[in-house]
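*Asks:* In this note's numbering, each number is its position in the sequence shown, counted from 1, plus 108.
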Amino acid sequence: MLVDSHCHLDRLDLAQHGGSLDAALDAARQRGVGHFLCIGVSAENAADVKALADRYADVDCSVGIHPLDLKPGEAPALDWLLGELNHPRVVAIGETGLDYHYEPEAAELQQASFRLHLQAARQTGKPVIVHTRGARADTLTLLREAALPQAGVLHCFTEDWDMAKAALDLGFYISLSGIVTFRNADALRDVARQVPADRLLVETDSPYLAPIPHRGKPNLPEYVRDVADYLAMLRGESYERFAEQTTQNFKRLFPLAHVAC
109 MLVDSHCHLD RLDLAQHGGS LDAALDAARQ RGVGHFLCIG VSAENAADVK ALADRYADVD
169 CSVGIHPLDL KPGEAPALDW LLGELNHPRV VAIGETGLDY HYEPEAAELQ QASFRLHLQA
229 ARQTGKPVIV HTRGARADTL TLLREAALPQ AGVLHCFTED WDMAKAALDL GFYISLSGIV
289 TFRNADALRD VARQVPADRL LVETDSPYLA PIPHRGKPNL PEYVRDVADY LAMLRGESYE
349 RFAEQTTQNF KRLFPLAHVA C
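1. Starting from residue 204 and walking both ways along the beta strand (DSSP E), at which residues does that stretch end?
2. Could you check the C-alpha separation between residue 362 and residue 116 for me, to the nearest Å?
3. Between which two residues does the beta strand (DSSP E) harbouring residue 114 extend?
4. Taking 8 Å as the threshold (C-beta atoms), are residue 148 and residue 170 in contact?
5. Taking the Cβ atom as the reference point for each residue, do residue 288 and residue 311 lie within a distance shorter than 8 Å?
6. Kindly list the residues whose CB is nearer than 6 Å to the CB of residue 303, restricted to its own chain and excluding five residues on each side of it in sequence; keep chain order.
7. Quick check: what's the CA-CA separation for residue 178 versus residue 222?
8. For residue 197, which residues from the same chain have a beta carbon less than 7 Å from its beta carbon, with the 5 sequence-adjacent residues on both sides left out?
9. Taking the alpha carbon of residue 318 as the reference point, which residue from 248, 249, 134, 264 has its own alpha carbon closest?
10. What does the alpha-carbon distance come out to for the pair residue 142 and residue 134?
11. Leaving aside the five residues before and after residue 338 along the sequence, list all residues of the same chain whose C-beta is less than 6 Å from its C-beta, in chain order.
12. In chain order, what residues of the same chain have a beta carbon less than 6 Å from the beta carbon of residue 239, not counting five sequence neighbours either side?
13. When DSSP builds the beta bridges, which residues end up paired with residue 179?
14. Am I right that residue 276 and residue 301 are in contact with their C-beta atoms under 8 Å? What's the rounded C-beta distance?
15. Are the beta-carbon atoms of residue 243 and residue 366 separated by less than 8 Å?
16. Considering Cα atoms alone, identify which of 155, 110, 124 is closest to residue 137.
Structure (structure tokens):
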């Protein structure tokens, strides 16, 4: 069994499956995907991801505000976040983090929001899902300041081994997406070979970043199998062993997830 540890089920392009989310999830299940973590990115989609998790037994969700979804000049309210997290299918916080690639002028606001999510992680004990782009030093600084007693994950990891090692030293997991299959991703492949087996997750980040051989098409949860096949080959492991290990890692990181195995 395989877990797609990060997907946006409320944003999928379902044309390939006749507009049916049921069909898209069934296609993934037929490829051995047994669980899905549907990610919150804004106050507006929190209700949507919770509804999907309530609807499907093999879907859990997270709630949070992506750094690029912050309203100008306004960090989210801690009371709002804690209220949203008080739901049996919300097993994680985020995605949150820092993204200076597109909005470097919003660094201060993003940092305030990230700190708030990390505070919620301390208060609830739920793991935090971190997005980071163009903000390596500040991401690590804020994670070190937070000193969370529980682990989190740097999702869709695209940085180098030095950052991966620093995150691992803080107790974090590393999640890899279809980017690792891209031709120009040699540095990321080096990371993929070195991450300890018990700290690695696999994801699609669908509908974004479809892996080869689907690159250029909308990404779907079923393609997590392609990412897993590639990573297993890269690491010199059997697919079965890789799937078992990453599923156990997911269950350890997200102990509240309703994984049926």
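In this text, a Cβ means the ideal position worked out from N, Cα and C, and glycines have one as well.
These figures come from a predicted structure and were not determined experimentally.
*Replies:* Here's the rundown:
1. Residues 198-207.
2. Answer to the nearest angstrom: the Cα atoms are 17 Å apart.
3. Unbroken beta strand (DSSP E) run through residue 114: 110-115.
4. Cβ atoms of residue 170 and residue 148: closer than 8 Å.
5. No, these two residues do not count as a Cβ contact at 8 Å.
6. Excluding residues within five positions, the ones whose Cβ falls inside 6 Å are 282.
7. C-alpha separation (whole angstroms): 11 Å.
8. Result list for residue 197: 158, 161, 162, 168, 169, in chain order.
9. Between residue 318 and the set 248, 249, 134, 264, the nearest pair of CA atoms involves 264.
10. Cα atoms of residue 142 and residue 134: separation of roughly 10 Å, rounded to the nearest angstrom.
11. Answer for residue 338: 289, listed in chain order.
12. Excluding positions up to five away in sequence, the list reads 203, 205.
13. DSSP output for residue 179 lists 182 as bridge partner(s).
14. Cβ-Cβ separation between residue 276 and residue 301: approximately 14 Å, too far for a contact (criterion under 8 Å).
15. At least 8 Å separates the beta-carbon of residue 243 from that of residue 366.
16. Considering only alpha carbons, the answer is 110.
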